[in-house]
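Those letters in the sequence shown? Residues 4 to 315, per the numbering used here, in order. Just below is one structure, and these are the notes that go with it.
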Amino acid sequence: MPRPLFIDTDTASDDAVALIIALTHPDIDVVGISVVAGNVPLDMAVQNALYTRDLCASTVAVHAGEAGPIARPLETGQHVHGHDGMGDLGLELTGRAPSGTHAVDALLAAADAHAGQLELVTLGPLSNIARALQRDPALPDRIARMVIMGAVADHIGNQNPVAEFNMWVDPEAVDVVLNSGLAVEFVGWDISRHYAVIEPDEAAELRGLGTALAEFGVDIQRCVSEFCHTETKLAGFDLPDPIAMCYAIDPAVATETRRLNCRVETTSELTRGMVVMDQLGFTGLEPNAVVVTAADRARFLEMLRSALATTP
Ligand code: RIB
Ligand code: CA
Numbered sequence: 004m005p006r007p008l009f010i011d012t013d014t015a016s017d018d019a020v021a022l023i024i025a026l027t028h029p030d031i032d033v034v035g036i037s038v039v040a041g042n043v044p045l046d047m048a049v050q051n052a053l054y055t056r057d058l059c060a061s062t063v064a065v066h067a068g069e070a071g072p073i074a075r076p077l078e079t080g081q082h083v084h085g086h087d088g089m090g091d092l093g094l095e096l097t098g099r100a101p102s103g104t105h106a107v108d109a110l111l112a113a114a115d116a117h118a119g120q121l122e123l124v125t126l127g128p129l130s131n132i133a134r135a136l137q138r139d140p141a142l143p144d145r146i147a148r149m150v151i152m153g154a155v156a157d158h159i160g161n162q163n164p165v166a167e168f169n170m171w172v173d174p175e176a177v178d179v180v181l182n183s184g185l186a187v188e189f190v191g192w193d194i195s196r197h198y199a200v201i202e203p204d205e206a207a208e209l210r211g212l213g214t215a216l217a218e219f220g221v222d223i224q225r226c227v228s229e230f231c232h233t234e235t236k237l238a239g240f241d242l243p244d245p246i247a248m249c250y251a252i253d254p255a256v257a258t259e260t261r262r263l264n265c266r267v268e269t270t271s272e273l274t275r276g277m278v279v280m281d282q283l284g285f286t287g288l289e290p291n292a293v294v295v296t297a298a299d300r301a302r303f304l305e306m307l308r309s310a311l312a313t314t315p
């Protein structure tokens, strides 16, 4: 039986490829997609998610959620993924209608319908999840696992020296999640940087698969490719959400994991959003998260290639 999966996303160019991986995978039943502000404002992220869903010939409901962090003003990542979040290619990213059900209501309903089995994958800031936990503190009892694309196990950040973007946008939401009892598993930007950078020749080979999904999945990385070249100094574009999704679907993508105590910085501006991972046990606090610390790049690329080669 396909596993029920609920995806929360701030849909931009890497999120879109992660959605394709999940929506085309035979072992996965995507029972809902909720959208949160992050890479781009909420309405743009909703349209990007709907566009990608339609490209996959899926009818799964897409639910608009929080338009910003639970305790701060929104700061987007449009300088990374483009104004529209999808490479500013001029795609027709308007006019699609999301479900009338709010993201929080949809997540709680999915948790009721698949109690104890539902797997949750988050690809953006955790604002929707925090609001759901505030509404129903017993939610963790019905969620089998929560895979978070977020944080950095090596503490080399992409938003400030020590914080990853998703955690940085809404650190108070991360704090709610880390204190909720949810079974969380972090796939950090360090994993993307080390195992999910797609160099130009590899991008050309992927695009050469010749399917609509392959051409879309590569072309929308146009802006993030430029950002990686000039800012994060990577040898191509990296795909943090897709490698997190591949791990969620097939945990063997991780070759090393650790159980660590994780807490988030919410007061200092210098280290805002840093998820502090107690690797040497200084705090004496119980581990509260699984952290992926190494991955199988070949296994990731095989799953990525298989998804993009699909013609729905
Ligand atoms: O730091 C990378 C994360 O921030 C990814 O999820 C990307 O889509 C952005 O949301
Ligand atoms: Ca994302």
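Note that CB positions come from ideal geometry on N, CA and C, so glycine has one too.
Residue i: CB within 6 Å of a non-hydrogen atom of ligand 1
i, result
"W192", "yes"
Contact under 7 Å by Cβ, residue i with residue j
i, j, result
"R145", "A114", "yes"
"G85", "C226", "yes"
"R6", "I31", "yes"
"F168", "G88", "no"
"A70", "L45", "yes"
"A40", "M248", "no"
"A25", "N42", "no"
"S102", "A64", "yes"
"A133", "V179", "yes"
"E289", "M277", "no"
"P152", "L123", "Note that residue 152 is Met in the sequence shown, not Pro. Taking 7 Å as the Cβ cut-off, M152 and L123 do not qualify as a contacting pair."
"A199", "V221", "no"
"G127", "D13", "yes"
"T313", "T27", "yes"
"V319", "Y250", "Because the chain in this structure spans residues 4 to 315, residue 319 falls outside the shown range and cannot be described."
"A100", "Q120", "no"
"A106", "H66", "yes"
"A166", "G160", "yes"
Those residues which DSSP pairs with residue i across a bridge
i, result
"M280", "C265"
"A257", "A298"
"V49", "According to DSSP, which records beta bridges pairwise, V49 is partnered with nothing at all."
"G213", "According to DSSP, G213 bridges with nothing at all."
"L123", "F9 and M149"
"S37", "D11 and H66"
"E188", "V150 and V293"
"I201", "F240"
Near ligand 4: residue i beta-carbon under 6 Å from a heavy atom
i, result
"G85", "In the structure on display, ligand 4 does not appear, and the ligands it does have are ligand 1 and ligand 2."
*asked:* So within the stretch 131–186, which uninterrupted alpha helix (DSSP H) runs reach at least 4 residues, ignoring any that extend past its ends?
replied: Along the length of the stretch 131–186, whole alpha helix (DSSP H) runs at least 4 residues long occupy 168–172 and 174–181, reported in chain order.
_Please give the ranges of any alpha helix (DSSP H) in the stretch 64–114, keeping only runs that are unbroken, at least 4 residues long and fully inside the region._
Counting only runs of 4 or more residues that sit fully inside the stretch 64–114, the alpha helix (DSSP H) segments are 81–84, in chain order.
*Going along the chain, which unbroken runs of the beta strand (DSSP E) with 3 or more residues stay wholly within the stretch 285–315?*
For the stretch 285–315, whole beta strand (DSSP E) runs of length 3 or above, ordered along the chain, are 292–298.
*Which residues have their C-beta within less than 6 Å of a heavy atom of ligand 1, listed in chain order?*
Counting every residue whose Cβ lies closer than 6 Å to a heavy atom of ligand 1, we get D13, A15, D17, D18, G41, N42, G80, L126, G127, M152, N161, E167, F168, N169, W192, P243 and D244.
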